[in-house]
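Just so you know, the sequence shown maps onto residues 1281 to 1677 in this note's numbering.
Using N, Cα and C, we set each Cβ at its ideal position, and we do this for glycine too.
It should be emphasised that the depicted structure is a prediction, and the values quoted were computed from it without experimental measurement.
Heads up, the thing below is written out as structure tokens.
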Amino acid sequence: MIIGPFQVASRWLRRHAFRAFPSPRIRACAGLLVHDAAVRRPPSLHGPGPAIVPFLETFAQRHHWTASPGDGGVPRVRAPLGGCIQVGPGGQLEYATRPHDSPRALHQDLADTLNALARHATECGLTLIAAGIDPLNELDAAPLLLESGYYARMAAYFAALGRVGARMMRQSAGLTIGVGTATPLSAYTALNAAAPLLAAGFANSRLYAGADTGSASFRVEDRLRVDAARTGMLEDGPPHERYADFALRAPAVLLPHTFNALPFVEHWRLGTTAGQWRDHLCTLFPEVRPNGYLEVLSIDAQPPDAVALPILVVSAVAWDVPLQGQLRQLLGPADPSLLARAARSGLRDDDLARAFYQLIDLALDAAERIGVDAYGEVLERAREEAALRTSQTPAPR
């Protein structure tokens, strides 16, 4: 029996990308845009004036974190117990937490670190902006600051597709929440179907370069326009099989060949390594990306006082099997076409608003089933955030 690339990829993904966890785990990567407070533009890495590298180095010294060289000599700053702050390709800050065993612990980690970063930024003449895309500046204000092999190849590939790819790399920021669960296949199916609601409900990137784009999440809309072969939602079906097909069809951006725009499956037939396959998976940006943890990419960057609700909703969907069944009844099969509508209209769309608030109610109930010990103050904060969002959004007709 001859086993082809699809079968091999599907089995590999099932074992490694969709692995089951013996107990719940959760982590996050919080992106933030950075501006020079005086001129309201992205700062340089080293100066003159307020700059990113001195900011990171002095933050590390003050908080007893460890700074080590990263891409292009830009430091990565590591916390004593785990977690890392690094710089994105356009000068964004990205705080990747360590894995936690509860939403309560993750929320505490995120809130403490993001607030500490904001305070230190103010002292250094910088402003941290929790928004999905730069609300004030055009692309030219955010040059590519990191030119390592990965970023250089991604930038070159996206440049051939227009400015939208560069905007995604250099001017966008999101809150990525990763969950480890005992039921990765059903959790992926539920999170994938819920992606339009998460994009609509947590959208905050309507403004770009000082203008109203008309889109609730210009960040998500941009990502969908970059390259349909590596973004968007998967249709329903066995997740590891759907993802194998998705990944094999995506152009192989990182392989050092003149024909690297060919689908990865063509390179597979010529001979690729396991490392090249793993690297290729890092170039994919679907709404839910499996890499052991299930990473939800649909949420625009959020300020520290607004992270409890997305943490609660994503974790409840991933961990509570009854909620996954309720979502099937609420949403039906995954509808990839709904994502563009969510990015464009957000909660101005009555159907999306109604479904989003139903999702919140169901997730709050699920969190109580999972247990107060796991959520703690996240439950109360999530209720407060939900009430605030409801008051700011017209009731669906």
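Nearest to residue i by alpha carbon, out of the options?
| i | options | result |
| --- | --- | --- |
| T1670 | A1491, Q1638, F1565 | Q1638 |
| M1449 | Q1606, L1632, D1502 | D1502 |
| H1520 | R1569, V1333, S1303 | R1569 |
| A1376 | A1662, E1337, L1589, A1453 | A1453 |
| F1482 | G1612, L1577, A1654 | L1577 |
| F1526 | R1634, P1566, L1312, P1536 | P1566 |
| L1611 | D1420, V1500, L1627, A1635 | A1635 |
| V1500 | I1579, I1306, G1494 | I1579 |
| A1496 | F1286, Q1672, R1624 | R1624 |
| L1668 | A1586, A1647, L1659 | A1586 |
| A1238 | A1541, L1386, R1505 | With the chain covering only 1281 through 1677, there is no way to say anything about residue 1238. |
| Q1672 | A1643, G1626, T1338, I1650 | G1626 |
| P1285 | G1370, A1432, T1553 | T1553 |
| C1309 | A1509, H1380, F1438 | H1380 |
| L1397 | Q1341, P1613, Y1431 | Q1341 |
Would you kindly report the start and end of the unbroken beta strand (DSSP E) that includes residue i?
| i | result |
| --- | --- |
| L1408 | 1406–1409 |
| Q1366 | 1364–1367 |
| A1376 | 1373–1376 |
| L1455 | 1455–1460 |
| L1312 | 1305–1316 |
| R1358 | 1355–1358 |
| P1322 | Careful: P1322 lies outside any beta strand (DSSP E) and carries neither H nor E. |
| S1348 | 1346–1349 |
Can you have a look at residue i and say buried or exposed, based on whether 16 or more other CB atoms are within 10 angstroms of its CB?
| i | result |
| --- | --- |
| C1404 | buried |
| R1384 | buried |
| Q1729 | This structure gives no information on residue 1729, because the portion of the chain shown stretches from 1281 to 1677. |
| R1295 | exposed |
| R1346 | Here residue 1346 is Thr; the residue named in the question, Arg, does not match the sequence. Flag for T1346 reads exposed. |
| A1436 | exposed |
| D1641 | exposed |
| N1395 | exposed |
| I1282 | With a pLDDT of only 43 at I1282, under the threshold of 50, the placement of this residue in the model should not be trusted; the figure read from the coordinates follows. Exposed, since its Cβ has fewer than 16 Cβ neighbours within 10 Å. |
| L1542 | exposed |
| G1460 | buried |
| D1629 | buried |
| R1522 | buried |
Along the chain, where does the alpha helix (DSSP H) containing residue i start, and where does it finish?
| i | result |
| --- | --- |
| A1681 | Only positions 1281 to 1677 of the chain appear in the structure, and residue 1681 is not among them; the question remains open. |
| L1426 | It is not in any alpha helix (DSSP H) - L1426 carries neither H nor E in the DSSP assignment. |
| E1648 | 1630–1650 |
| T1670 | 1657–1672 |
| R1450 | 1443–1451 |
| T1338 | 1332–1343 |
inquiry  = So, does the segment 1347–1366 touch the segment 1436–1450, judging by three or more C-beta pairs under 8 Å?
reply    = Result no; under three Cβ-Cβ pairs closer than 8 Å.
key: Sufficient close CB pairs (3 or more, under 8 Å) joining the segment 1424–1431 to the segment 1381–1394   = The segment 1424–1431 vs the segment 1381–1394: no contact.
request  = Kindly confirm or deny that the segment 1588–1606 and the segment 1323–1331 touch, where touching means at least three C-beta pairs closer than 8 Å.
outcome  = No, because fewer than three Cβ pairs between the segment 1588–1606 and the segment 1323–1331 fall closer than 8 Å, the two stretches do not touch.
ask   = Do three or more CB pairs link the segment 1507–1514 to the segment 1614–1623 at distances below 8 Å?
value = In short, these stretches touch, since the Cβ pair count reaches three.
ask   = Any chance the segment 1402–1417 sits against the segment 1475–1491, with 3 or more Cβ pairs inside 8 Å?
value = Judged by Cβ distances under 8 Å, the segment 1402–1417 makes contact with the segment 1475–1491, as three or more pairs qualify.
message = If we require 4 or more residues per run, which alpha helix (DSSP H) segments fall completely within the segment 1467–1554?
response = Secondary structure in the segment 1467–1554: the alpha helix (DSSP H) runs of 4 residues or longer, each lying completely within the stretch, are 1498–1506, 1519–1529, 1544–1550 in chain order.
request  = Decide if the segment 1462–1480 is in contact with the segment 1587–1595; the criterion is three or more beta carbon pairs, one per stretch, under 8 Å apart.
outcome  = The segment 1462–1480 is in contact with the segment 1587–1595.
Every unbroken alpha helix (DSSP H) within the segment 1553–1595, with a cutoff of 4 residues, ordered by chain = Counting whole runs of 4 or more residues, the segment 1553–1595 contains the alpha helix (DSSP H) stretches 1554–1561.
inquiry  = At 4 residues or longer, what runs of the alpha helix (DSSP H) sit wholly inside the segment 1379–1405?
reply    = With a minimum length of 4 residues, the continuous alpha helix (DSSP H) runs that stay inside the segment 1379–1405 are 1383–1403.
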